[in-house]
Every structure is written in C-alpha cells, then in structure tokens.
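Chains as they are written, first to last, in this note's numbering: chain G, 7 to 503; chain C, 7 to 503.
I have placed the structure first, in the form of structure tokens, so that the comments after it can refer back to it.
So, in structure tokens, the structure goes:
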C-alpha cells in the first residue's frame, strides 16, 4: 500500500467513540498492517498532518501513535524525510539461518561455526513472545495499575541519600533488609518458614530454577516436571542437559505413575498452589505423598509459586514448603505477577543446609546488582504497598475474568469448556483434539490478539491437549468483548475447517 | 567485648580530623570489630547517646553509622531494646555444610540430597566478594561520581509518561532505541561494526558469555581462555561443563602453543584491549593471527572489552571486532565500569548470522525485563552523558592511580614491580613466587582492605604467579595512603615470614 491507499484503508476501519483511545486504535491498526505484511519494509507512512485531516483527529494523536510504533521498532523516522516501515521479519516467529560450515573446509565435523546442538534445539521450541502486553497475553498483570507515585517517592529518596554500596555488585543472597522483609512477608502471606538467611533474592523464578539446576543437579540428572508445564521451565532444563520426565496431572495435581516412581528424580518441579497452566490446586493428601516420596528418595523439590496471590473466592492455600519437615523444598516466587514483570525481582526460600550455596551461586554465576531496586522493594514491602496493591487489583482482575467468561459463554454456550478460572491471571479455553491450536494463535497474532496454544505446554506432542491459554489481567474490561470477537472469528474458522 | 569495653576500644582508635567523615570511620571500626570476631553475634552495641558523649561526636553521627551497619546486615535494631550484632558467619568465606545422605538410606548412591558435583566444585573456587566498594576493590568504579541528577531527570520523565510495554518482559534483543544508540556509540568509540539488529542487550558481560555458551557450545566443547583470566569466566565455563584450556599470555597478549593450536577450540574468550588482569594490549600482528586461525578452524571469538574506555595516555585501541572480516567475533561490553556495576546493563554485538539466535536465547533463557532502565540508558547515551562522565572520571582515576604508584614506590622502591598500570581501574603489584598472596588478602580483608590474589586468576595453580590485584578507582585520593599503609603492613609480615 502507498500512503494514499493506507490513508483510505484507515478511514474505512478507524472508529471514533469505541472507548479505546484514538492514538491507541490508530497504533493498533497500523501495527496490524505491518504485521500482516500489507505495509512492506521501507514504505513511507502518510505525513502526520495529512492523516490527521483525513481521519478528523488531532495531529498530536497521529504523532503519539507514530511515536509508539517508533519506540517499538515497527517504524523509524528520518529527519525531514518522513516515517518509514522497518524490516520486522525478525519480529515474527524467529528465523535463524541454517547452520553454515563457513568458508573453510579444513575442520573436523561438528566444529562448524554454527549454533550448538542445544542452541538449535532451543530455537525450535521458543516460547517467549515479542509482544508482552494486551489482549490476551497470559502471565502479565495490568502494569498500568502499578502505584508509580509510591514507588518513585521511595526510589528518589534512596537516590538522594546515596550509599555507594547500593550501586556496586550485590552481596550473596541480596540486600539484607529485603531478605528480612521477604522472610516476614512470606511467613504471613504464604506460611513459608525461613529466616532471612534462607532467603535468596534473584531476578525472577527463572533464575531460581537456573541456579538450582546448576548448584544441585549435574547434566543427565533426572528431573520431574508437570505435564503440561510452563514452557520456560522445560526449555531451561533441556538447555542444561537434564533428563526431563513429564509427570501427568489430574484434578489433585501432579500424579506420577508407578513406573515413573520406580526411578526417583534428583529434582521435582511443581506448581502446587495453582497448576500451570491448567489451574488445579494440589490436594493435601497429594502434598503429603510427594513430600514423603521426596524424603525417602532424597529428591529436591522446587515449589514454583508464581501467582498464588490471586484467588477469586477462598483464601490462597498455604505453601507446600510450610508442610515440609525434611528440609527438601525450595520455595520460589517473584513480583512479576503482583507488581510488574520488568522489575525482575524474585526470590527463593531454601533449606538452611543449601541456602548459602544457592546464594553464593547467584553471586558468582550472574554477578547480580540492582541493589537500588532491592532497597526500594524492601521499603515498599514493609510499608504494606504490595498487599494494598494486590487487594485493589484482585477485584479488578476478578471483574475482567467474569467479563471474559461471559463473552466465551455468550459465543459458545457449553460447546467449549473453560478450565482453571478460579485463580491466577489466565484461564484455559479447551478445544477439541482435532483442532490446530497453534495455528489459531498465529492467525490471532496477525490480528493483534495474543493467545497461547495449550499444546505448546506439553513435553510430548502425542499427549498434548488442545486449547487456548488466555490472560485477562492486562486487558481493560471494555476491551475484552471486541478482542474476544476477533479471536472467536479465528477459532470459528478453524473449528469449521 | 561488652558495650563498655567496646566504647573504650573505640575511644582509643577513633580519630578526628583524618579527612574521613566521622560516621564513616565509626562504621568502619565497628564493622572491623564484627568481622574480626571481637564482637560476637548477640552483643548489644552501646546506646547511641552514650557513645556520642564518649567520643565527643553528635548523636546523629552515631545513628548514621548504626544505620549503615543495619542496612548491610551487620547489626539489627530491636525497638526499645537496643542494637545487636548479627550472626555474620555466612558473610565470611562461604561455609557449606558437608553433603548429607539425609534421614533415609533407601536410595541409589549419588542420589543423596546434596549439592551437585559441579555445584561443589564451584563452591570451592568462588571469586566474588561480599564487599564491593572501597580500598582496593578491583573492577569497581567510583559510583559516587555517577551523575545522579541527569539520570533521575530522564528516569522520572519516563515514569511520568508511562507506557505499559516498558514494564513487561523485554522483546528479544532488548529495547530497540537502545540497540540503535549502542550501535552508533560503539561504532564511534570502539570501531565496532554492527547494525542495531546485531546488538543484544544483556544484564552484563557475564550474561553475554552465558548465552554464548548455551547457544553456541555444547557440554564438553573446548574453550580457550587466557591464563590468567577473570575468575568469573572460568567458573562460568566450568559450571557449564566446557573443556577449558588456559592459553599463556605474553607482552603481545594471548599466545597459544603449537601443541594447543593442533586442537582447535569451539570458542576463544579473549581481552585484547586490556588483558585481564595483567593489562597488556594485544598487538596488531597477534590480532590478525588469531582472527585468521579462528577463520580457518571455524572457532567463535568472544571479545571481552570490559574496561578499554579507561586509558591514561594514548587513545583506546579499536576493537578486535572491527578487524573481523569473517563474521566470527562476538563483541561484549557493559556499563559496569563506565557508570556503575549495580545497573546491570551490558551488550553484545554479534555477527548477523547468529545475533537473532543470541537475542532469542536471552529472551527465552533469562526472561529479561528492565526496559525502563534500557529506555533511560538509550536517552542517557544519546545525550552524551556517558561520554562526558567518562572524560571527567578518567582524570580522577588517573590521579588516584598516580597516588597509589607513589605510595607503592615510597614503601618498596624497586623491590616490588608494578604491572599493567597504563589503563583500566586496577594495577597488579607483583610478589615473589614463595609468597602466599591469598593469605595476604585474607589478612587484609580482616583489616578492612580488599585485594585480590593474582594466583586466583590462574586455571592451573602450578603456573600461578603471585601478586595483588589492586583497584584504585573507587578509593578517594586521600584514603589511598592510609589504606596502603595497612596493606603494606600485611605484605611485610608475609614477606618476612
């Protein structure tokens, strides 16, 4: 499309009075054109003044949309010449050049200058998304609700009375007052038992798992994960050469077969509070059984408590760690869901026998810093801002969840089942086995809607159930219906294919 | 010591008019008592009012010292009861409990609930320090010189006009405008060739190496590192199961033996601009030779350019990457030395063939965020604040380096040689082979002085040269003489032992 054709297309689709801010709608439409390939790399966008006139909006609105596209890398501005569409082919499902043996030929086989075997394997199973906010991104909270003023007040105070130690590398375990604040907070909110010296501050749950693998497991060690499970955990384990075994889950949570139990793992990774992504809660009987099994067979357990703070109806269950009498559970959590993911602050609470080693591992292997953020966080937590923020957004998310459920049921009645909607930031829309859920998600992405195929969470494709993992927390309530309408169009096309 | 005895000890050692702020001196003396074990865990510190009277200083000064000790975890305050010394045994050289087979006995051998083999190996060769600022911490700049006002101005502006995308997880490669700013900056300052799409933002050089190992190397692959080299690189490689080969360095830099050259590695890690820790610059002839060797044998080269911005006399040499015509060099740098380590912002510039895979690896394996800091950094860099800051601190560091050299020569004349003082943030004080440099460093640490034993930078102890790696950048000029006097006392005791 040339600038003229684009302007006409926009006049056709741009709607006033939808509730969506005008700049945002314009941004979304332009992004859609770029992602769908209607606008090729190098195309010039219409001049802001002309487009504003064509659409009867202010020039500032156009500039705001262009600015957001620029900052996200979809377009770039050349001073005095206009705004041009960027090459975003790298934005779409990652394209990696095939391994090349390079110009020479005098090398051993396998020594070609290419990706490693594990690197190639990782590239074929990537789970991350280039876009991380909007309908229906799973696992991302509404970051616009973050109490910025309270955070900045503490932040700027710490910068004004600067202590040099806070700008250098972190001591092992992290900033001592944050370790203490976390110990208190997790005891009160999650029944986690652990002194400040057992708390290890990390950049997130990913890093907890990474350091646990490196300090407690050797390559080839067997590790149990739930089937299905978060793809990030699986990819991390595989990249480290672990022997990953998928353990089925039922309504009570992780449920290993007799055959699987005959070969004890070194490490068990589990989400007892809220199975990811299916949402069941591990029963007390099952909790006791897994703790006893791990005690007998000297396994470590990593309890991934990624979003248990959000339950709609009923209180969150206490942690598995709180039941552990044999000091074998490492509890992991983060502020990614409660505050915002980009903060990169997570934590482990580990048995006293192993906490110093994990703390040393973090300091040595990642050379962490971010003590400023840790100091701000310690105060933020102590002053109760995390708890009050969570109380506020919990009701907000509950309303969004309800709205999404209504939208699904209005469209599908009881034809499609909703799973795992009692807690967390997402639900699962179950689909029939013959449906290609990954294809639905690719098509939806091109229309500006994010969804995760349930099948990607399975280690073994032949066991994969089909469905869509839909996050509702970072979608404004009034955006849910129109966004779901787009998604339903894609689903229906696939169901009827 | 009871509170009374402590007060008397402090009256004996506390000096006014030394130039050091009073609260800082008091903090330092108290910390020394705790680290040396004079004050046991649980001991109550003197009441602030009494101690202020005893030392003839203001009560606020005492409170300031207590506050810093509290925030660093040396003491803790119990409301209404006083301030008590904490258990800091975990602060000293890490104590890890011996592996225990746990209560049961019904497990296979090797399945005991303990550290992994590689975890135990890492624990025995830890290099990080619990303290990270002051005389003579190597590799840490003077963070008190960081232009806080300029940074906060940009930072707060970004928070005020908040865009939700900046608080979520990062897209692969990092924030697009920062990638562009880095591409421009590194081209101008270091002759690094690479478009924005070849720049991968990371949390530091550690993470660049980590992702390179994981995307480009498989366990067991051979990797060349310099001998000596930064301990962090070596430990990271070993933890990943690489076959690490130490390559000798001479005055022209890395110089593999004929025997070593017969077995080409998968990856070569090298510090051509300023060998770490010895400080030589790789000659142009040697650069060409290593590039040609890597081209012929399909090796990757990781160029670690950790502190080349600081040269005293002469301009920094252009990067090795700038000479690379075969697209095999991955250039790595960070803002840890130029701005402050706790910022955790680093970058790689990779060949176009592999940059998308490294970018995807970072997004997938670490789930990075910190886009806010990346956005602030992009503007900070574009506005020239990095360059102007560096010009300013360069002359400051040069003066500190001169002062340290004068102090060394005043004490030792030509008896001990100074190595690698032309650039960077540290120099090496060479010691005779029979000296236990690690013992000197442990003794100095107890007296509040940090130094690194040169021997710890060697892969093979039998090749280790002895010496002290002394950082001068984060030591105020007037603190250098008294700090070196303490260190010289420890060195002399060892030399005469």
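Think of the CB as a built atom: it goes at the ideal place given N, C-alpha and C, for glycine as much as any other residue.
| Query | Result |
| --- | --- |
| Are residue 221 of chain G and residue 364 of chain G touching if we call contact CB-CB under 8 angstroms? | yes |
| What is the residue span of the beta strand (DSSP E) that residue 67 of chain G lies within? | From DSSP, residue 67 of chain G is part of no beta strand (DSSP E) but of the alpha helix (DSSP H) over 65–77. |
| For a contact defined as C-beta to C-beta under 7 angstroms, what are the partners of residue 129 of chain C on chain G? | 363, 366 |
| Is residue 19 of chain G buried or exposed, if buried means 16 or more other CB atoms sit within 10 Å of its CB? | exposed |
| Where residue 309 of chain C and residue 54 of chain G are concerned, what is the direct C-alpha to C-alpha distance, given to the nearest angstrom? | 44 angstroms |
| Can you tell me the Cβ-Cβ gap for residue 226 of chain C and residue 247 of chain C, rounded? I've got them flagged as a contact below 8 angstroms. | 6 angstroms |
| How would you write the range of the alpha helix (DSSP H) that residue 503 of chain G sits in, first residue to last? | Where residue 503 of chain G is concerned, there is no enclosing alpha helix (DSSP H), given that its DSSP letter is neither H nor E. |
| Out of G/89, G/213, G/142, G/204, point me to the one whose CA is closest to residue 369 of chain C's CA. | G/213 |
| Are the beta-carbon atoms of residue 432 of chain G and residue 144 of chain G separated by less than 8 angstroms? | yes |
| In three-state DSSP terms, what is residue 424 of chain G? | strand |
| Would you say residue 128 of chain G and residue 241 of chain G are within 8 angstroms of each other, going by their C-beta atoms? | yes |
| Provide the residue(s) that pair with residue 44 of chain C in DSSP beta bridges, ordered along the chain. | Note: residue 44 of chain C sits in no beta bridge, so no partner. |
| With distances taken from CA atoms, which of C/325, C/277, C/192 is nearest residue 388 of chain C? | C/192 |
| Is it buried or exposed for residue 468 of chain G, if we count other Cβ within 10 angstroms and need 16 for buried? | exposed |
| Using a cut-off of 8 angstroms between C-beta atoms, extract the partners of residue 283 of chain G located in chain C. | Near residue 283 of chain G there are no residues of chain C at all, since even the closest Cβ is about 16 angstroms away, more than 8 angstroms. |
| Check the Cβ-Cβ distances between residue 229 of chain C and every residue of chain G, and say whether any is below 8 angstroms. | no |
| Return the residue from the list G/448, G/464, G/478 that minimises the CA-CA distance to residue 496 of chain G. | G/448 |
| Give, in chain order, every residue of the stretch 237–249 of chain C whose Cβ lies closer than 8 angstroms to some Cβ of chain G. | 238, 241, 242, 245, 247 |
| Are at least three pairs of beta-carbons, each pair with one atom in the stretch 261–274 of chain G and one in the stretch 474–493 of chain G, less than 8 angstroms apart? | no |
| Kindly indicate the opening and closing residues of the alpha helix (DSSP H) around residue 437 of chain C. | Looking at the DSSP string, residue 437 of chain C is not in any alpha helix (DSSP H), and its letter there is neither H nor E. |
| Could you check which residue in C/27, C/49, C/481 has the C-alpha nearest to that of residue 10 of chain C? | C/49 |
| For a test of the three-state rule: what should DSSP assign to residue 391 of chain C, helix, strand or coil? | helix |
| Enumerate in chain order the residues of its own chain whose CB-to-CB distance from residue 519 of chain G is below 6 angstroms, with the five nearest sequence positions on each side excluded. | The question about residue 519 of chain G has no answer, for chain G in this structure spans 7 to 503. |
| What span of residues does the alpha helix (DSSP H) with residue 59 of chain C cover, start to end? | 54–61 |
| Can you tell me which of G/204, G/399, G/255 puts its alpha carbon nearest to the alpha carbon of residue 366 of chain G? | G/204 |
| Is the closest heavy atom of the ligand FAD to the C-beta of residue 271 of chain G under 7 angstroms? | The model on display carries no ligand, and the ligand FAD is accordingly not part of it. |
| Cβ atoms of residue 196 of chain C and residue 311 of chain C: under 8 angstroms apart, would you say? | yes |
| DSSP state of residue 228 of chain C, grouped into three classes? | strand |
| Determine the chain C residues that contact residue 165 of chain G at a beta-carbon separation under 7 angstroms, and present them in chain order. | 154, 158 |
| Between the Cα of residue 233 of chain G and those of G/224, G/239, G/255, G/243, spot the shortest distance and give me the residue it belongs to. | G/255 |
| At the level of alpha carbons, what is the spacing between residue 186 of chain C and residue 174 of chain C? | 20 angstroms |
| Would you mind listing the beta strand (DSSP E) stretches within the stretch 175–242 of chain G that are 3+ residues and don't spill past its ends, in chain order? | 205–208, 228–233 |
| Could you pull the start and end residues of the beta strand (DSSP E) that residue 309 of chain G belongs to? | 306–310 |
| Taking residue 13 of chain G as part of the alpha helix (DSSP H), name the residues at either end of that continuous run. | 9–19 |
| Helix, strand or coil: which one does DSSP assign to residue 90 of chain C? | strand |
| What's the gap between the Cα of residue 64 of chain G and the Cα of residue 418 of chain G? | 40 angstroms |
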